[in-house]
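J.:
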Amino acid sequence: MKTEADGSFKRADASFRNFIEKGGRFEPEKDRYHLYVSYACPWATRTLIVRKLKGLEDLIPVTVVSPRMGSQGWPFASVDNFEASDEDPLYKSEHVKDLYLKADPDYGGRFTVPVLWDKKNHTIVNNESSEIIRIFNHAFDEFIPKDKAEIDFYPTELRNEIDELNSWIYPNVNNGVYRSGFASTQESYSKAVKEVFEALDKLETILDGKDYLVGNRLTEADIRLWVTIIRFDPVYVGHFKCNIRTIRGGYPNINTWLKKLYWNNEAFKVSTNFNHIKTHYYWSHSAINPTRIVPVGPFPDIEPL
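By the count of the working numbering, the sequence shown reaches residue 320 at its end, each step adding exactly one.
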């Protein structure tokens, strides 16, 4: 993980930023695209949720990697047969990095998930989750039932509000927990963790008496935030030292919002695997947790409604 001179964590930008659109290099087609994900990764989970909500399961097959990310990156089940992980059905790759090097033999960046893959051109379309969920939002509407096609997680009339929320939720919450966890100095950690909880305090106020962040409907703002909040108590409180408060103990409005989406919407529940989540963070980040011991708690992973 890259840190700055002051010890603060710096996330590298995604490298493949293409879109699926008519008339472009990547046309909307059946049986052309494949999604590679980790259940452990919040960014990848965004894409799983939208894929399920839009009814794209038959159009976009998915392959899940093992959560135990080692020196070679994310492994497939052929290398590490962890429960609920898969082998690569397309190329029998051993690691996600093999896909990146197939797409670009000279690639020198990070080997991240999610990966939206083009089977026709044998390359990566996009590896930026915020863009993949917008691709899934409308790119395949012609192939799905009308009720699914009409679902819009980034509606025109709410875009300004969604963009404004994303502009501070991403750096202070989604990436803020990583800035806390991977900080290498006390000063950079203290600054980052303070910003995480200031943002959570703000979100607690926004969600007072509301089921959704914007417009009384489910939007990408909820999906983007939710994947971080579902991991907060099981992982970020302990592993990333975000321990000023827990969600379940300190933020009743956020906790209720979290639980309603999980228990009332199958797309959120089936896209969440707590064993993969906890195993990945505590096993893979040996600089933070060199023993690789995975904590038993908290119990339950998420509280009932």
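Glycine included, C-beta positions come from ideal geometry on N, C-alpha and C.
1) Rounded to a whole number of angstroms, what is the C-alpha to C-alpha distance between K107 and R246?
2) Where does G265 fall in DSSP's three states?
3) Please report the residue range of the beta strand (DSSP E) in which D133 lies.
4) If you follow the beta strand (DSSP E) that T294 is in, where does it begin and where does it stop?
5) Once DSSP output is grouped into helix, strand and coil, what is the label at N304?
6) Taking only the alpha-carbon atoms, compute the straight-line gap between A214 and N187 and give it to the nearest angstrom.
7) Are the CB atoms of W278 and D226 within a distance shorter than 8 Å?
8) Please report the straight-line C-alpha distance between Y48 and D133, rounded to a whole angstrom.
9) Count the other CB atoms within 10 Å of the CB of H254; is the residue buried (16 or more) or exposed (fewer)?
10) Which stretch, first to last residue, makes up the alpha helix (DSSP H) that contains V192?
11) What residue does the beta strand (DSSP E) around H49 start on, and which one ends it?
12) Taking all protein chains shown into account, do 16 or more other C-beta atoms lie within 10 angstroms of the C-beta of D216, making it buried, or fewer, making it exposed?
13) Does the ligand FMN have even one heavy atom less than 7 Å from the beta-carbon of D73?
14) Within this structure, are the beta carbons of D88 and V111 separated by less than 8 Å?
15) Nearest to S81 by CA position, among N290, Y185 and I308, is which residue?
16) What three-state label does DSSP hand F41 in the structure shown?
17) Nearest-angstrom Cα distance between F34 and K284?
18) Could you tell me which residues DSSP puts in a beta bridge with N141?
19) When we look at the beta-carbon of V208 and count the other beta-carbons within 10 Å, is it buried (16 or more) or exposed?
20) Give the straight-line distance between the Cα atoms of L222 and S195, rounded to the nearest whole angstrom.
21) Would you say V309 lies against chain D (beta-carbon separation less than 8 Å)?
22) In angstroms with no decimal places, state the Cα-to-Cα distance between F31 and P249.
23) Is it the case that the Cβ atoms of R260 and F212 are separated by a distance below 8 Å?
24) On the criterion of 16 or more Cβ atoms from any shown chain inside 10 Å, does D119 qualify as buried, or is it exposed?
25) Exposed or buried, which one is F314 when buried takes at least 16 other CB atoms within 10 Å?
26) May I ask you to report which of helix, strand or coil DSSP gives R232?
27) Nearest to S205 by CA position, among N258, Y297, E36 and G39, is which residue?
28) Taking the alpha-carbon of Q201 as reference, which of L180, K256 and K275 has the nearest alpha-carbon?
29) So, using beta-carbon positions, are A94 and V52 closer together than 8 Å?
30) Could you pull the DSSP bridge partners for H88 from this structure?
31) Drop a sphere of 10 angstroms on the beta-carbon of E325, count the other beta-carbons inside from all chains shown, and report buried for 16 or more, exposed for fewer.
32) Looking at E219: is its Cβ nearer than 8 Å to the Cβ of Y266?
33) Alpha carbon to alpha carbon, how far is W183 from A282? Give it in angstroms, no decimals.
T.: According to the structure shown:
1) 30 Å
2) helix
3) V130 to D133
4) Looking at the DSSP string, T294 is not in any beta strand (DSSP E); the run it does join, the alpha helix (DSSP H), is F289 to S299.
5) coil
6) 6 Å
7) no
8) Their Cα atoms are separated by approximately 5 Å.
9) It is buried - the Cβ of H254 has at least 16 other Cβ atoms within 10 Å.
10) G191 to G196
11) Y48 to V52
12) exposed
13) The ligand FMN is not among the ligands present in this structure, which contains no ligands whatsoever.
14) According to the sequence displayed, residue 88 carries Gly and not Asp. Contact: yes.
15) Among N290, Y185 and I308, the Cα nearest to that of S81 belongs to N290.
16) strand
17) 28 Å
18) R32 and L131
19) So V208 ends up on the buried side.
20) 24 Å
21) Any reference to chain D falls outside this structure, which holds one protein chain only.
22) 31 Å
23) yes
24) Of the other Cβ atoms in all chains shown, fewer than 16 fall within 10 Å of the Cβ of D119; this residue is therefore exposed.
25) Classification for F314: exposed.
26) strand
27) N258
28) The residue with the shortest Cα to Cα distance from Q201 is K256.
29) It is Val, not Ala, that sits at residue 94 in the sequence shown. No. Outside cutoff.
30) The residue asked about is misnamed: residue 88 is Gly in this sequence, not His. The partner list for G88 (beta bridge, DSSP) reads G85.
31) Given a span of 16 to 320 for the chain in the structure shown, any question on residue 325 remains unanswerable.
32) yes
33) If you take the alpha carbons of A282 and W183, they lie about 25 Å apart.
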